[in-house]
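Peer 1:
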Amino acid sequence: MRPLTEDETRTLFVKLTEYMGKSIEKMINRSDERHCFRLIKDRVYYVSESIMKTANSVRREDLLHVGVCLGKFTKSGKFRLHITALEYLSQHAKYKVWVKPSSEMSFLYGNHVIKSGLARMTENTPQYAGVVVYSMSDIPLGFGVAAQSTEHCQTLEPSGNVVLHQSDIGEYLRGVEDDMC
Amino acid sequence: MGRRSKSSRSKAKAKKQSLEELELHSMSENESNEEEKIVETGGKEKGISERKEHEKKDDESEDENECTIETNPKGPLFSDENTAWLRPTKNKILDLDEDDGDDINEKELEVERQSRLIDMEMKAEKEEAKAEMSRTIAQETEIFHLPTMEELENEENRVVSPSEIRSRIESILEVLADFKSRREQDRSRSEYIHQLASDLSELYGYLPELMEYFLSMFGASETYEFVDASDRPRPLIIRTNTLKARRKDLATALMKRGVSLDPLANWSKVGLKIIESPVPMGATPEYLSGHYMLQSAASMCPVLALNPQPNEKVLDMSAAPGGKTSYLAQLMRNKGVIIANDLKLDRQKATVANMHRLGVKIVITCTHDGRKLGKKFPHTFDRILLDAPCSGLGVISRDPSVKVQRTIMDVKKNSHLQKELLLAAIDALNHKSKKSGGVMVYSTCSVSIFENEEVVNYALQKRDIKIISTTLDFGKPGFIRYKEKRFHPSLALTRRFYPHVHNMDGFFVAKIQKLSDGKTKHSLESTKHIEQDIEEKMKDSKEKDRKRKVDASAGKETLKPNKNAKNDHFSIPPSFPKKKSNAKVTKPRRYKNSGS
Chain A
1123 MRPLTEDETR TLFVKLTEYM GKSIEKMINR SDERHCFRLI KDRVYYVSES
1173 IMKTANSVRR EDLLHVGVCL GKFTKSGKFR LHITALEYLS QHAKYKVWVK
1223 PSSEMSFLYG NHVIKSGLAR MTENTPQYAG VVVYSMSDIP LGFGVAAQST
1273 EHCQTLEPSG NVVLHQSDIG EYLRGVEDDM C
Chain B
354 MGRRSKSSRS KAKAKKQSLE ELELHSMSEN ESNEEEKIVE TGGKEKGISE
404 RKEHEKKDDE SEDENECTIE TNPKGPLFSD ENTAWLRPTK NKILDLDEDD
454 GDDINEKELE VERQSRLIDM EMKAEKEEAK AEMSRTIAQE TEIFHLPTME
504 ELENEENRVV SPSEIRSRIE SILEVLADFK SRREQDRSRS EYIHQLASDL
554 SELYGYLPEL MEYFLSMFGA SETYEFVDAS DRPRPLIIRT NTLKARRKDL
604 ATALMKRGVS LDPLANWSKV GLKIIESPVP MGATPEYLSG HYMLQSAASM
654 CPVLALNPQP NEKVLDMSAA PGGKTSYLAQ LMRNKGVIIA NDLKLDRQKA
704 TVANMHRLGV KIVITCTHDG RKLGKKFPHT FDRILLDAPC SGLGVISRDP
754 SVKVQRTIMD VKKNSHLQKE LLLAAIDALN HKSKKSGGVM VYSTCSVSIF
804 ENEEVVNYAL QKRDIKIIST TLDFGKPGFI RYKEKRFHPS LALTRRFYPH
854 VHNMDGFFVA KIQKLSDGKT KHSLESTKHI EQDIEEKMKD SKEKDRKRKV
904 DASAGKETLK PNKNAKNDHF SIPPSFPKKK SNAKVTKPRR YKNSGS
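Line order of the protein sequences matches chains A and B.
Under the numbering used here, the first sequence is numbered contiguously, ending at residue 1303.
Under the numbering used here, the second sequence is numbered contiguously, ending at residue 949.
1. Within 10 angstroms of the Cβ of glutamate 403 of chain B, are there 16 or more other Cβ atoms? Answer buried if so, exposed if not.
2. With a threshold of 16 other CB atoms inside 10 Å of the CB of isoleucine 1150 of chain A, please say whether the residue is buried or exposed.
3. Just how far apart, CA to CA, sit serine 876 of chain B and alanine 530 of chain B?
4. Does valine 690 of chain B come within less than 8 Å of chain A when only Cβ atoms are used?
5. Given that a residue counts as buried once 16 or more other Cβ atoms are within 10 Å of its Cβ, and exposed if not, what is proline 1248 of chain A?
6. Is it true that the stretch 717 to 733 of chain B meets the stretch 680 to 698 of chain B, where meeting means three or more beta-carbon pairs spaced less than 8 Å apart?
7. How would you label serine 520 of chain B, buried or exposed, when you count the other beta carbons within 10 angstroms and need 16 or more for buried?
8. Of all Cβ atoms in chain A, is any one closer than 8 Å to the Cβ of leucine 774 of chain B?
9. What runs of the beta strand (DSSP E), each 3 residues or longer, lie entirely inside the stretch 1141 to 1217 of chain A?
10. Where does serine 613 of chain B fall in DSSP's three states?
11. Let me see if you follow: with CB-CB separation under 8 Å, is proline 638 of chain B close to chain A or not?
12. Residues of chain A with CB closer than 7 Å to the CB of arginine 710 of chain B, please, in chain order.
13. Using only the alpha-carbon positions, how far apart do lysine 1163 of chain A and proline 633 of chain B sit?
14. Kindly indicate which residue of B:His855, B:Gly831 and B:Thr847 has the alpha-carbon position closest to the one of methionine 570 of chain B.
15. Is the shortest distance between the beta-carbon of isoleucine 1150 of chain A and the beta-carbons of chain B less than 8 Å?
16. Is alanine 1215 of chain A close to chain B, meaning its C-beta is less than 8 Å from at least one C-beta of that chain?
17. Below 7 Å on C-beta distance, what does threonine 720 of chain B contact in chain A?
18. Does the Cβ-Cβ distance between glycine 745 of chain B and valine 757 of chain B come in under 8 Å?
19. State the DSSP-derived secondary structure class of alanine 1268 of chain A, mapped to helix, strand or coil.
20. Can you name, in chain order, every residue of its own chain whose Cβ lies under 6 Å from the Cβ of arginine 816 of chain B, other than the five neighbours on each side?
21. Since leucine 819 of chain B is in the alpha helix (DSSP H), which residue starts that stretch and which ends it?
22. Closer than 7 Å, Cβ to any Cβ of chain A: which residues of the stretch 615 to 646 of chain B, in chain order?
23. Alpha carbon to alpha carbon, how far is arginine 1202 of chain A from proline 588 of chain B? Give it in angstroms, no decimals.
24. Which partner residues of aspartate 740 of chain B appear in the DSSP bridge assignment?
25. Return the residue from the list B:Trp620, B:Ile627, B:Lys622 and B:Ser514 that minimises the CA-CA distance to serine 613 of chain B.
26. Using a Cβ-Cβ distance under 8 Å, would isoleucine 717 of chain B count as near chain A?
27. May I ask you to report which of helix, strand or coil DSSP gives aspartate 858 of chain B?
28. Which residue's Cα is closest to the Cα of glutamate 555 of chain B: B:Asn767, B:Val512 and B:Arg751?
29. By DSSP's criteria, isoleucine 627 of chain B is part of a beta bridge. Which residues make up the other side?
30. Compare the beta carbon distance of glutamine 1288 of chain A and leucine 1278 of chain A with 8 Å and say whether it is the shorter of the two.
31. At a Cβ threshold of 8 Å, is alanine 1177 of chain A touching chain B?
32. From what residue to what residue does the alpha helix (DSSP H) around methionine 564 of chain B run?
33. Within 8 Å (strictly less), CB to CB, does leucine 1240 of chain A reach chain B?
34. In whole angstroms, what is the alpha-carbon distance linking arginine 1156 of chain A and serine 1172 of chain A?
35. Are the CB atoms of glycine 643 of chain B and arginine 710 of chain B within a distance shorter than 8 Å?
36. Assuming methionine 1235 of chain A and valine 1221 of chain A form a contact by the criterion Cβ under 8 Å, report the distance between their Cβ atoms to the nearest whole angstrom.
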């Protein structure tokens, strides 16, 4: 387990800012306890300092995960967010999309959100902005990228993509366990 | 009138005789047509009334004939002598009134006859009932014949139906219930039990040695109940994840999806029992967003017994797939640290996934060998949960392959591993912890004594611990003795759960408190232990001396000798009983000073 290098930190924050905007400061400067980012085998974990100290006494080969996994760095140095980061994303999300109950299951299967399944969307969402998808009962279902800006989405035909799917909670069933560590 | 009465009397007699003949006829009719009569009581009554009418008509016609013969030669039609004109021909009741004496007697006979017939029928029924009673009593008091070896060999040639085996099992259980009176004289109790074991193992598909083990633990009728309950599934239960949802809201959301559920029990504030569900419970959006976890009721008990508090350091030694770990985190409200350990990497991946799904942020997952944790993390944890790997004899309802795959050898091997794990856990406990003073819970999903009471009893002898109450008021207390083995009486504080009693998986929970870091329990009086103790304490005290010197030079607070004086027995000769140890507190110091 090691702290992130500067480049890695920059890549991570750039990615997170796409979804959270300025709220990313809240993740770094927390009111209750200082949290930090640590790297275990190319995966980034967000964990409080006290837990991190305890985890230092665990052998490297035996350590599997600490706190919450945000995502992993690919071989080419890019950072990919995982569904496990959903809680933090949904807490600080800048752009949100609400999905009708009828197309909830479709999104959970990994399909994109189409216009006919769209219930609500935050105003002024730019195109290709990071978006968190919610159900009508405000349960976060996953996240993705806005295919069109909000204005364009209004004029879209019913079968057009509104949100390009990136990750959803259905992945917990689809065998992403192997992907966790 | 007199003449007439005489003649009528004689004719009445004749009528009586004819009536009697009729009676006989009707009697025979009655006997043959009993069943028909029982069915058609209305018809029966009709029959009687019809017969009455018939006979009355006969009477009437005869009387009329009499009258016509008599009145014609005598005089005018309407006179006192000839009272025929007073008699209306069709009214039978008036006939009865007119014909006093014999005719009335005849009518009474009629009624009497009917009532007599009914009485006789009732008598016959009563006698039949008595006969049946005596027959059934004879059947029940009939002594059950236990098949002998030859008969059993013959049985092997033919196909024995399960219902036959089941009836034989039930007969043997009856015999065993009242052995003195119901046994066959030349057969011993062990023969009956042996036959019961082989029948039960054949009917339910168990290894015979497992069945014999259960019989020795439970007793005949309870084994039958246990084995029967282990064949049926336990209800599906979910645990609300209070980090993300409340039980009421979750129940409402699930009911909207068509799930019918109930609260689990009054001892659980987070459990829900699923009665019926049109959707798979492991795939609802609520499950995927981590609002609940599928967990059996029995698995909630060790966590409730451990009762972790926020901001504690907790170890879960056999954590995968993370059901109990997440419950621990839930009770700690995501504050503190939990180390979730398990030997197998594949299963630990599921733990990681579950932690993320349920929103648990305080878990460190690792894959150590649990037996080495005592040395890696000595005196570190406030609380430890050891849900030891076991043979699974209590969860047969979930995995029927256990019936044939587990042998008593496997159970004993597990027992050995569990003893090692338990000792390691005790070593990893911090008994000086302010919050709890070093508490751990040892639990298994097995009902065998090898893996439960024996393991805890072993730890009692090897470490300075004591068993405390689990705070679970339901459940049966653990065994204190079994066959020739005797366990420490505090083992009665442990709890056992059974599928046939509590409708939960078979489980065992023991709550243990660490008293000190000593390797043996101080209340034991054997000299061997005292000697070992002395040797160890000498080593310890030498180390402590060194430490004290170092600390003294560094200006830090030294260890108070009184605190550990109990441990410093090395001045006491081996033959001294331990009870006087407190009085000898001052002696060690003198010897120490002279020795150093």
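Glycine included, each C-beta is placed from N, C-alpha and C at the ideal position.
If you're wondering where the values come from, they're calculated on a predicted model, not measured in any experiment.
Peer 2: Let me spell this out:
1. A caution first: glutamate 403 of chain B carries a pLDDT of 48, below 50, which makes its placement in the model unreliable, though a value can still be read off. Glutamate 403 of chain B comes out exposed.
2. exposed
3. For serine 876 of chain B, the predicted model reports a pLDDT of 45, less than 50, meaning its position is unreliable; a value from the coordinates is still stated below. One C-alpha to the other measures close to 42 Å.
4. yes
5. exposed
6. yes
7. exposed
8. no
9. 1157 to 1162, 1165 to 1170, 1185 to 1188, 1190 to 1195 and 1201 to 1203
10. strand
11. yes
12. Tyr1294
13. 35 Å
14. B:Gly831
15. no
16. no
17. Asp1184 and Leu1186
18. no
19. strand
20. Ile779
21. Here residue 819 of chain B is lysine; the residue named in the question, leucine, does not match the sequence. Per DSSP, lysine 819 of chain B belongs to no alpha helix (DSSP H); it is in the beta strand (DSSP E), 818 to 821.
22. Ala636, Pro638, Leu641 and Ser642
23. 41 Å
24. B:Ser796
25. B:Ile627
26. yes
27. coil
28. B:Val512
29. B:Leu589 and B:Leu614
30. no
31. yes
32. 561 to 571
33. no
34. 9 Å
35. yes
36. The residue asked about is misnamed: residue 1235 of chain A is valine in this sequence, not methionine. So it is a contact: roughly 6 Å between Cβ atoms.
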